[in-house]
Each structure stands twice: as structure tokens, then as C-alpha cells.
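Here the sequence shown stands for residues 19 to 148, numbered as in my numbering.
All C-beta atoms in this analysis are idealised placements derived from N, C-alpha and C, irrespective of residue type, glycine included.
This structure is a prediction, so every number in the text was calculated from the model and none was measured.
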Amino acid sequence: MYFSTTPLHTARIIFSFVIFVLICLTFNHCASSKKMAPPPPKSTLEIPAGVDSSVAVEADSLAKSLFVPAEQQELAREKVEAGQAQVEESNRLWDALTAVKDSATLNQIDTVQAIEKFNEGALHLIEIKK
19 MYFSTTPLHT ARIIFSFVIF VLICLTFNHC ASSKKMAPPP PKSTLEIPAG
69 VDSSVAVEAD SLAKSLFVPA EQQELAREKV EAGQAQVEES NRLWDALTAV
119 KDSATLNQID TVQAIEKFNE GALHLIEIKK
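Have a look at this one:
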């Protein structure tokens, strides 16, 4: 079959094609320039059947604010142990000091030596501060 095309018919086809391309470009531009909302964060929260999702999310946020990660808990445990060791050491020192105080009066030589050591320490401290 042979289709006869007149110049007017050819012009209409070309014009229709150009309009179609322009419409496609317009839709493409509008669709690509629209700001899309960021996707919601992926939740690893597993909600059991029968539990309302808002209740589960609230419980999860409360748990995150009330509990600390295992690393922080271990660090806190180490600091507690170090503090308890210091308390025990200071208690032993305090017991030793009170035992000396409660014992017989210190003799004169020990008192003079203690004063001399105190003075040496004070002089050393003054030198350090300079």
C-alpha cells in the first residue's frame, strides 16, 4: 500500500511529534526537580503480634534513654572496682594512723625526725613552685 502524504500532512505529523516530545520533557523535568522526602529510617525494632507499634516505639525509646551500652557499663564497672580499691587502701592507712595515735606517746626522737621530714618536704615543694 502506498500512502500519499501532502506537505500539510507531513507538517502535522512533525508538529505532533514535537509537541509530544515537549510534553514528555516537561513531565520529566517536573518529576525530577521535585524535592522528595527522605526515606524513613530503617527500623530494626521487631514488634510482636498484638502490640501497638506506637507503644513499641515508645518502649524502645525509653529503653535507649534508661540503659547504657555494654561498653559504657564495663567501663563503669572498672571505675567502681578502682574506687573500691582506693577506699580499702585509705581505710588501711586510716587504721594505721589511728593505731599510732592511740598507742603510747611518741618519743622525742620520732617527733624531731617527723618535723625534719616535714620541713624537707616543704622546702622541696617551694622549689617545685619556683
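Looking only at its own chain, which residues have a Cβ that is under 7 Å from the Cβ of residue i, when we skip the five neighbours before and after it?
{"i": "residue 78", "result": "63"}
{"i": "residue 74", "result": "63 and 65"}
{"i": "residue 19", "result": "Confidence in residue 19 is poor, its pLDDT being 48 and thus under 50, which makes the residue's placement unreliable; the coordinate value appears in the next sentence. Correct list: empty, nothing qualifies."}
{"i": "residue 130", "result": "none"}
Residue i to residue j, Cα distance in whole Å?
{"i": "residue 46", "j": "residue 39", "result": "10 Å"}
{"i": "residue 35", "j": "residue 57", "result": "37 Å"}
{"i": "residue 37", "j": "residue 55", "result": "32 Å"}
{"i": "residue 112", "j": "residue 69", "result": "58 Å"}
{"i": "residue 97", "j": "residue 103", "result": "10 Å"}
{"i": "residue 109", "j": "residue 95", "result": "21 Å"}
{"i": "residue 84", "j": "residue 90", "result": "13 Å"}
{"i": "residue 26", "j": "residue 32", "result": "10 Å"}
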